[in-house]
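Engineer: The structure's right below; bear with me while I get my questions together.
Residue numbers (the UniProt record's numbering): 1 to 130.
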């Protein structure tokens with residue numbers, strides 16, 4: 001009986017931390033988008049690329065980092081923050097819109113930049129986390 005209460009309490013605490021991380025991630029994503037539009041204009045969405053690269057860097061770091069305190073930080077940051085901050089759906093929408101405009105070269109560049117730079121960021125994050 002005690003074990004079930006402990007599991008439920010632990011799950012509730014984990015879900016709360018993920019929820020909070022997701023909120024901070026979403027707000028951060030919004031701020032990156034605003035910064036990007038103000039800095040680079042409304043053309044190519046640098047904000048999407050920046051958010052995906054930063055989320056990959058953070059996720060790489062968290063994936064290999066061992067926290068001294070509770071392991072609650074990993075789901076909060078990896079699932080919550082990075083999930084709210086990264087933008088696969090926006091990335092997909094941008095690709096779709098550019099395909100509709102027959103901008104095939106741009107689509108290939110957009111895919112390539114996101115994949116390559118995010119892989120590099122994951123690796124760098126892992127190096128920093130060790």
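Here a beta-carbon is modelled for each residue, glycine too, at the ideal position from N, C-alpha and C. On a predicted model such as this, the values are computed, not experimentally measured, just so you know.
1) Grouping DSSP H, G and I as helix and E and B as strand, with all else coil, what is residue 94?
2) Hey, how far is the Cα of residue 99 from the Cα of residue 83?
3) When you compare the CB positions of residue 125 and residue 57, do they come within less than 9 Å of one another, or not?
4) Please classify residue 55: does DSSP put it in a helix, a strand, or coil?
5) Residues in its own chain within less than 7 Å of residue 46 by CB, not counting five upstream and five downstream?
6) Note down the Cα distance separating residue 9 from residue 27, rounded to an integer number of angstroms.
7) Per DSSP, what kind of secondary structure is residue 130 in: helix, strand or coil?
8) Using only CA atoms, which one of 79, 29, 128 and 91 lies nearest to residue 109?
9) Just checking my contact of residue 78 with residue 59 at CB under 8 Å: how many whole Å lie between their CB atoms?
10) If residue 87 and residue 29 are in contact, beta carbons under 8 Å, what's the gap, nearest whole angstrom?
11) In whole angstroms, what is the alpha-carbon distance linking residue 95 and residue 12?
12) Would you identify the three-state DSSP class for residue 72, choosing helix, strand or coil?
13) Could you say which of 105, 5 and 122 lies nearest to residue 64 if we only look at CA atoms?
Structural biologist: The short version:
1) Taking the chain shown and counting its residues from 1, one reaches residue 94 at position 94. Residue 94 falls in the helix class under three-state DSSP.
2) Translated into positions along the chain shown, residue 99 becomes position 99. Translated into positions along the chain shown, residue 83 becomes position 83. If you take the alpha carbons of residue 99 and residue 83, they lie about 26 Å apart.
3) As a working note, residue 125 is residue 125 in the chain shown. As a working note, residue 57 is residue 57 in the chain shown. Yes, Cβ-Cβ distance for residue 125 and residue 57 is below 9 Å.
4) As a first step, residue 55 must be located in the chain shown, where it is residue number 55. The answer is helix: DSSP assigns residue 55 an H, G or I state.
5) Position 46 of the chain shown, counted from the start, is the residue given in the question as residue 46. Answer for residue 46: 36 and 40, listed in chain order.
6) Here residue 9 is taken as the residue at index 9 of the chain shown, counted from 1. Here residue 27 is taken as the residue at index 27 of the chain shown, counted from 1. Each residue's alpha carbon lies about 27 Å from the other.
7) In the chain shown, counting from the first residue as 1, residue 130 sits at position 130. Note: residue 130 maps to coil in three-state DSSP.
8) By one-based count along the chain shown, residue 109 stands at place 109. Here the closest residue by C-alpha is 91.
9) The residue labelled residue 78 in the question sits at position 78 within the chain shown. The residue labelled residue 59 in the question sits at position 59 within the chain shown. Sure, about 6 Å apart at Cβ, within 8 Å.
10) The residue you call residue 87 lines up with position 87 of the chain shown. The residue you call residue 29 lines up with position 29 of the chain shown. That belief holds up - the Cβ atoms of residue 87 and residue 29 are roughly 6 Å apart, short of 8 Å.
11) The count along the chain shown starts at 1 and reaches residue 95 at position 95. The count along the chain shown starts at 1 and reaches residue 12 at position 12. So the alpha carbons of these two residues sit roughly 37 Å apart.
12) Here residue 72 is taken as the residue at index 72 of the chain shown, counted from 1. Note: residue 72 maps to coil in three-state DSSP.
13) Walking along the chain shown from the start, residue 64 turns up at place 64. Per the Cα distances, 122.
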